[in-house]
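To keep things clear, I will list the structure first and then write my remarks on it.
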Amino acid sequence: ELKVEQNPLFLSMQEGKNYTIYCNYSTTSDRLYWYRQDPGKSLESLFVLLSNGAVKQEGRLMASLDTKARLSTLHITAAVHDLSATYFCAVGGSGNTGKLIFGQGTTLQVKP
Amino acid sequence: DTEVTQTPKHLVMGMTNKKSLKCEQHMGHRAMYWYKQKAKKPPELMFVYSYEKLSINESVPSRFSPECPNSSLLNLHLHALQPEDSALYLCASSQDESGTPLDPLHFGNGTRLTVT
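Just so you know, the protein sequences line up as chains A and B, in that order.
Note that our numbering gives residue 327 to position 5 of the first sequence, counting from 1, and the numbers run on in steps of one.
Note that our numbering gives residue 17 to position 16 of the second sequence, counting from 1, and the numbers run on in steps of one.
In structure tokens form, the structure reads like this:
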């Protein structure tokens, strides 16, 4: 059974600081996604990672994938308040793109 | 704005009521999904429709009944729900069920359901 674990589950950080969120998964998968969710809102797709060593960057966020270690990271550079949200990683089971198994989510709070 | 539209945004219903949640997308996607999300928890898959046919039912109780009238619409019929069914119900779509891992799920804004 595929399991996905994120850590930390809660992260409070100062503006301007750097930090990394980790996502471990238990069985082989050919795709990993990062989503952002603001309180009471839907999920917004941030990154799609498909291959070992894949690195994607958008603004202050950078995601990477190590399929051998079954580990993805979401690195936050020089955090700003607008990044405050809950971040989920999600791993796809084989075949079906829609059957995603989500991590528990990391709630990020960026303080001025 | 999301390209997947869900109505209503909020719904309060009693345990004896019958109600329906609606979802619509016009991206030409052929796979549509229902996810359930409890507060401070990740989304959990309920149903998958592929080319208007139910392909996955994640052992969801029969008080939840999905329907896909056409490729753009997805409904979730609710009957005799319990208070523990209160949650955010998210609809999502993707190009199709089996291919294109590059295409992430596109989520709607959800319906916040409260069962009293």
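Ideal Cβ positions, reconstructed from N, Cα and C, are used throughout, including at glycine.
Bear in mind the structure is a predicted one, so any value in this text is a computation, not a measurement.
{"Query": "Excluding the five sequence neighbours on either side, which residues of its own chain have a C-beta within less than 6 Å of the C-beta of residue 369 of chain A, listed in chain order?", "Result": "356, 378 and 385"}
{"Query": "Could you name the residues of chain B that residue 363 of chain A contacts, counting a contact when the two beta carbons are closer than 7 Å?", "Result": "110"}
{"Query": "According to DSSP, simplified to helix, strand and coil, what is residue 104 of chain B?", "Result": "coil"}
{"Query": "Return the residue from the list B:40, B:26 and B:41 that minimises the CA-CA distance to residue 34 of chain B.", "Result": "B:26"}
{"Query": "Among B:91, B:55 and B:53, which one has its Cα closest to the Cα of residue 366 of chain A?", "Result": "B:91"}
{"Query": "Between which two residues does the beta strand (DSSP E) holding residue 405 of chain A run?", "Result": "It is not in any beta strand (DSSP E) - residue 405 of chain A carries neither H nor E in the DSSP assignment."}
{"Query": "I want to know whether the stretch 79-86 of chain B touches the stretch 40-47 of chain B - three or more CB-CB distances under 8 Å.", "Result": "no"}
{"Query": "Looking at the strands, I want to know which residues DSSP matches up with residue 414 of chain A.", "Result": "A:422"}
{"Query": "How long is the line joining the alpha carbons of residue 392 of chain A and residue 326 of chain A, rounded to whole angstroms?", "Result": "10 Å"}
{"Query": "Take residue 427 of chain A as the anchor and find which of A:376, A:382, A:406 and A:415 has the nearest alpha-carbon.", "Result": "A:406"}
{"Query": "Using three-state DSSP, classify residue 85 of chain B as helix, strand or coil.", "Result": "helix"}
{"Query": "Where residue 422 of chain A and residue 338 of chain A are concerned, what is the direct C-alpha to C-alpha distance, given to the nearest angstrom?", "Result": "33 Å"}
{"Query": "Can residue 328 of chain A and residue 344 of chain A be called in contact, C-beta distance under 8 Å?", "Result": "yes"}
{"Query": "Whole angstroms are fine: how far does the CA of residue 431 of chain A sit from the CA of residue 23 of chain B?", "Result": "33 Å"}
{"Query": "Could you tell me whether the Cβ of residue 13 of chain B comes closer than 8 Å to any Cβ of chain A?", "Result": "no"}
{"Query": "With distances taken from CA atoms, which of A:408, A:348, A:390 and A:332 is nearest residue 415 of chain A?", "Result": "A:348"}
{"Query": "Roughly how many angstroms lie between the CA atoms of residue 85 of chain B and residue 117 of chain B, to the nearest whole one?", "Result": "9 Å"}
{"Query": "Rounded to whole angstroms, what is the Cα-Cα separation between residue 381 of chain A and residue 364 of chain A?", "Result": "21 Å"}
{"Query": "Give me the subset of the stretch 40-68 of chain B whose CB atoms are less than 9 Å from a CB atom of chain A, sorted by chain position.", "Result": "41, 42, 43, 44, 45, 46, 49, 51, 56, 57 and 59"}
{"Query": "Residue 5 of chain B by DSSP, collapsed to three states: which one?", "Result": "strand"}
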